[in-house]
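Beneath this line is the structure, given in structure tokens, with notes to follow.
This is the structure in structure tokens:
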């Protein structure tokens, strides 16, 4: 029989998208305590069933798919560049890995043509034919047509031949952005990549007793309690069996409604939850609450240490701002300092440095300073920023940091922002330090 916690989660999962819920309404409708309803709603929020919006409340939303990262296909490319399909319709679902601009002789371009690539070319049938014969799709720019022979070859090879009115530079920029976005998404580490699978962990059945539990090897993490069908119903810890008779059922002692994690959640978000709640491990379950494995604290923080964006493909706003920062030696009482020069891409419609870019610069300086002092896994929780005057284009911005409080798990920094020697902004930044132990 499903627990009250599971009944609430099933009820929420069956609600229509957009339906508003509350702790009181759930408790009244399902005849459970408000504490049980609150814990279930928080679990539903963590797993993507609901979202809490300020001044609106908690509403049912579309749950994130198990694999939210979609590959760029020729079908998605058609919508992106407003293209027309001339031939090779059967290959529209094929994945696009890279593109090549056909601005050279056929012999010179052949080494660059690979399968799952796209040849961007004008009205050059020799280049179009070469691409199709070597396993690449063709995009004809400038609105040019092609011959029936090329279309027939595309149909035979099941490789799309597309036509767009855009010029080559515009099309290449749009496709490069799509491929770059895909690469950035793939850099986001999820639980699915690091958890220990079910075949490699210990579990105990819900029908077991304390005597059965004591016969097991000493587990290194909370032991999942599962039904015969593999559904997670609780966890057991050694502290729960102290002084109990061997015949006492595990079901009476186990911690019910444990905090769980889904495979598609980001490791950074899960690490934040683990540190906030002092958890050493979390069971990994699917949408039906079937146990998939265990995620340990060590696995989370080991993976966070190794996370690094690919500098060749990643091009996030944070990357762009961080690349402009240069470390300087500050004067006391400051403990860290950085400089950056404003460029046109950082400005707003008034020609001054945008508020969002300034906030990201402060975020980057804070994170880099903490990294330099040995805190590798830093999560900025709050940034209180006040600006005094606008920052002009091409001016040199200096960011100076002072430590207000530094503990094992938290850091609070006082940040002064100067432009050409004049203070233009001030911020208080609070960070959580996601440490391994």
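In this note's numbering, the protein residues as written are 7 to 443. Glycine included, every Cβ here is placed at the ideal spot set by N, Cα and C. Treat the numbers as computed from the prediction; the structure is a model and nothing was measured.
- Annotated as proximal: residue 24 and residue 65, with beta-carbon spacing under 8 angstroms.
- Straight-line measurement puts the Cα of residue 399 at about 25 angstroms from the Cα of residue 375.
- Beta-bridge partners of residue 288 (DSSP): 301.
- Taken in chain order, the unbroken stretches of beta strand (DSSP E) that lie wholly in the segment 14-91 and span 3 residues or more are 56-59 and 63-66.
- Residue range 428-439 is occupied by the beta strand (DSSP E) that includes residue 431.
- Judged by pairs of C-beta atoms under 8 angstroms, the segment 427-440 touches the segment 366-375, as three or more such pairs exist.
- Membership of residue 376 in the alpha helix (DSSP H) is indicated by the continuous run 361-378.
- Note that the C-beta distance between residue 285 and residue 230 is not below 8 angstroms.
- Ranking 281, 429, 423 and 268 by CA distance to the CA of residue 197 puts 268 first.
- Beta-bridge analysis with DSSP links residue 422 to 406 and 432.
- DSSP places residue 202 in the strand class (E or B) of the three-state scheme.
- In the three-state reduction of the DSSP assignment, residue 412 falls in the strand class, which pools E and B.
- The beta-bridge partner set that DSSP reports for residue 230 consists of 241.
- Taking 8 angstroms as the cut-off, the Cβ atoms of residue 51 and residue 57 count as close.
- In this structure, the alpha-carbon of residue 173 lies about 22 angstroms from that of residue 160.
- In the structure shown, residue 131 falls within a helical segment according to DSSP collapsed to helix, strand and coil.
- Taking each of 332, 341, 148 and 340 in turn and checking the Cα distance to residue 348, the smallest one comes out for 332.
- Look at residue 341 here: in three-state DSSP terms it is coil, with no helix or strand label.
- The C-alpha of residue 366 is placed about 7 angstroms away from the C-alpha of residue 324.
- Contact holds between the segment 140-151 and the segment 119-132, because three or more Cβ pairs, one in each stretch, are under 8 angstroms apart.
- If you check the CB distance, residue 339 and residue 408 come in under 8 angstroms.
- Taking a C-beta distance under 8 angstroms as the contact criterion, residue 262 and residue 216 do not qualify as a contact pair.
- Our two residues, residue 117 and residue 110, have alpha carbons roughly 12 angstroms apart in a direct line.
- Straight across, the Cα-Cα distance linking residue 423 with residue 364 is about 9 angstroms.
- With contacts defined as CB atoms closer than 8 angstroms, residue 391 and residue 431 qualify as a contacting pair.
- In this structure, the alpha-carbon of residue 15 lies about 14 angstroms from that of residue 31.
- Shown here for residue 63: same chain residues with a beta carbon closer than 7 angstroms to its own, the five before and five after excluded, namely 26 and 28 in chain order.
- Sequence-distant Cβ neighbours of residue 11 in its own chain, meaning closer than 8 angstroms and more than five residues away, are 42, 45, 46, 49, 262 and 263.
- Between residue 290 and residue 219, the gap from beta carbon to beta carbon reaches 8 angstroms or more.
- One thing to note: residue 124 has its Cβ no nearer than 8 angstroms to the Cβ of residue 138.
- In the DSSP assignment, residue 391 is bridged to 433.
- The C-alpha of residue 356 lies about 26 angstroms from the C-alpha of residue 406.
- Within the same chain, Cβ atoms closer than 7 angstroms to the Cβ of residue 410 are found at 418, 419 and 420, the five residues on either side in sequence being excluded.
- The C-beta separation of residue 104 from residue 168 comes to about 16 angstroms, leaving the pair out of contact by the 8 angstroms criterion.
- Using a Cβ distance threshold of 8 angstroms, residue 358 and residue 397 count as a contacting pair.
- In the DSSP assignment, residue 259 falls within the unbroken alpha helix (DSSP H) covering 256-259.
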